[in-house]
């Protein structure tokens, strides 16, 4: 399991002081661990930072379980890695046994973190900040749209040579059914994506497209392509019934059934390139994967 209980020496200290001394962390970080309900004394949850602790003190920590990660580029401030499809960026609860954090923290320590996110099933380039200063600067760059991203997707049908989708979007009102689903709406947040067709596969009636999101909304590329009737093959959310969505998200649908219903065994979307300027140096990093081949191998 990724989460384990680590025994701490209590010595009658206050909860926050014990965590600060044992883990060599700040008071703020100690308080955050207590707020996350990670600290226990004699089996009872500790919720007050000033509580004196005597007895068996245990802290739930995340134990890294690295499996190996491909690093595309690295310097003293950040790294760019290839995220595999099917891997969560962050652990999503105590039942999560593996996420990209296993790799990041194993390689660069727990101060390292992702500067942006990719959906679980989206593969490709991900930018990692190695320390706090880099994290602040890189995340600010993403917020100010100073990082140009491009994605490759294999989609249903024959797409135009070039096209733009300019449709605002927001969280779907039926979020209680499938919380992560977005929808097109006039009063939503601005969302603009530019698309270029790279190749059309007549025998598959499918197109390989390059997508450049000019805004950074959740599911932007996926929803925009679905909206213009060119759904990404393998899409697990849009255009399916609730029971099908839940079956896929819960991992209860076989690859064969999913490919039959959605057109592919996984979401055929890949983060292809990142372009930005950092400390007066220009970077253009592209994925070295043979994405076309990988996409085609996931078809029925």
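In this note's numbering, the protein residues as written are 38 to 337.
Think of the CB as a built atom: it goes at the ideal place given N, C-alpha and C, for glycine as much as any other residue.
Taking the C-beta atoms as reference points, residue 152 is found no nearer than 8 angstroms to residue 169.
One Cα belongs to residue 55, the other to residue 95, and the distance between them is close to 11 angstroms. Secondary structure in the region 163–188: no beta strand (DSSP E) run of 3 residues or longer lies completely within the stretch. Within the same chain, and ignoring the five residues on either side of residue 127 in sequence, the residues whose Cβ sits closer than 7 angstroms to its Cβ are 136 and 138.
Counting only the Cα atoms, residue 80 lies some 41 angstroms from residue 219. Within the model, the alpha-carbon separation for residue 329 versus residue 292 is close to 19 angstroms. Its Cα nearest to that of residue 310, the residue 118 stands out among 73, 118 and 303. Here residue 68 carries a helix assignment [DSSP, helix/strand/coil]. Apart from the 5 residues on each side of it in sequence, residue 197 has no Cβ closer than 6 angstroms to any other Cβ in its chain. With fewer than 16 other Cβ atoms inside 10 Å of its own Cβ, residue 314 counts as exposed. Pairwise C-beta distances place the region 178–186 in contact with the region 241–252, as three or more of them are shorter than 8 angstroms. If the five residues before and after residue 265 are omitted, its C-beta is found closer than 7 angstroms to the C-beta atoms of 202, all from its own chain and listed in chain order. With three or more CB-CB distances shorter than 8 angstroms, the region 295–310 counts as touching the region 153–161. When only Cα atoms are considered, residue 44 and residue 98 end up about 10 angstroms apart. Segment contact: the region 254–271 against the region 219–229, three or more CB-CB distances shorter than 8 angstroms; contact assigned. Non-local C-beta neighbours of residue 78 in its own chain, meaning closer than 6 angstroms and more than five positions away in sequence, comprise 90, 92 and 94, ordered along the chain.
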